[in-house]
Each structure stands twice: as structure tokens, then as C-alpha cells.
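Encoded as C-alpha cells, the structure appears first; notes follow it.
Numbering (my numbering), first residue to last: 23 to 214.
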């Protein structure tokens, strides 16, 4: 490959990365899959999805704050006990990562709660919402696939339970998917 092609490919990749929206909060120990994914009871599916996202981010922030307090206490204890420098450095790095995650989550929560801000701000808000909802859908689909595998490998009552779990998870995933394709979501921040 010529150096011009390599340079062009590198520039194209960099442009794509810079143009991509900022990453949403990731599913994990601080941001687990919401227990209640119902969008019912809201005026529109968009309102229901926004409420789900806001609660999910608030709960994640609470978990991050708790982890920060625990890590700070562990770091102070390690320093007081004259722990190995590697242990102290590991705790400091963990604390720095948690603080960074808290700052990002606070920004995302602020965006999720912003009902004004003009077209560009609402477009960014919609992109973040869809990033979060899509990762929930992917996780539900992954869990449904695991349940289906368990159903295939089981028999009797275990098979029936796994089939029911698969059906429930698939239904939750489908409900979220339908909500993202509702006109209240699709037409939101579409034109200036």
C-alpha cells in the first residue's frame, strides 16, 4: 500500500472518530441494565425512554459516588498502613478513573435533563439516548440468546423456564426497539 493511501486511510479514520458522538455511559458494575425497562405510563415513548435514561444515570452516579468513597477510604488506609507503593498507585489510578467516570456521568445526566438548549443540544441529547437504549437492547438480546442456548441444552422444567426467560427478554428488547422507532423519537431534533 502506498504511503498516500495509508495517510488517507489514517486521516479518514481520525475524521470518523472525531465526528462520532461522545460515548454514552457503559453497562457495567456502576451502570447495570435497568431492572424496569417499561416505557408505559408516559405521555410518549420518548418521555418514557428519557425517564428511564435519567433514572439509570442517577443510579449509576450513586454507585460511582459510593465506589469513590470506598476507594478513598481504602487509599487512606493503605497510606496509613504504609502499604506497598504499587498498591497505593493502583488505588490512586482507580480513584482517578472513578472521578473521571463521575464527571462524564454528570455531564451526560445534565444533557439527559436538558429540555431546552436549541436544535444542536436536542440532537446530541437524542444521540446519547439512542446510544444508551441500543446498548440495553443489545444486552437484553445477548441474555435472551443465552437463555435460548440453555433451553436447547436442557430438558423438562429447566427447558421450559429457559424458554420463558428467553421469551420475556426478547419481549423487553422488542418493546425498547419499538419505542425507539416511535414517531415521537424519530421526529425529535430532525430538522431545525
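From the three backbone atoms N, C-alpha and C, an ideal C-beta is built for every residue, glycine too.
| Item | Value |
| --- | --- |
| To the nearest angstrom, how far is the alpha carbon of residue 109 from that of residue 117? | 12 angstroms |
| Grouping DSSP H, G and I as helix and E and B as strand, with all else coil, what is residue 48? | coil |
| Between 212, 150, 97, 209, which lies nearest to residue 72 when the distance is taken from Cα to Cα? | 150 |
| Just to confirm before moving on: does the CB-CB distance between residue 127 and residue 79 stay below 8 angstroms? | yes |
| CB of residue 117 to nearest heavy atom of the ligand COA: below 7 angstroms? | Among the ligands in the structure shown, none appear at all, so the ligand COA cannot be discussed. |
| Assign residue 188 to one of three DSSP states: helix, strand, or coil. | helix |
| Which residue's Cα is closest to the Cα of residue 129: 201, 114, 146, 140? | 146 |
| What is the rounded straight-line gap between the Cα of residue 133 and the Cα of residue 75? | 11 angstroms |
| Sort 210, 176, 209, 154 by Cα distance to residue 198 and report the nearest one. | 154 |
| Mapping the DSSP letters down to three states, classify residue 62 as helix, strand or coil. | coil |
| Work out the CA separation of residue 106 and residue 81 for me, nearest whole Å. | 34 angstroms |
| Count the other C-beta atoms from every protein chain shown that fall within 10 angstroms of the C-beta of residue 53, then say buried if there are 16 or more, exposed otherwise. | buried |
| List the whole-angstrom C-beta distance separating residue 162 from residue 202, where the pair is believed to meet the contact cut-off of C-beta under 8 angstroms. | Residue 162 to residue 202, Cβ: 13 angstroms. No contact. |
| What did DSSP end up calling residue 199 once you bin it into helix, strand or coil? | helix |
| By Cβ distance below 7 angstroms, which residues in the same chain neighbour residue 188 in space, the five residues on each side in sequence not counted? | 166, 169, 170, 173 |
| What three-state label does DSSP hand residue 89 in the structure shown? | helix |
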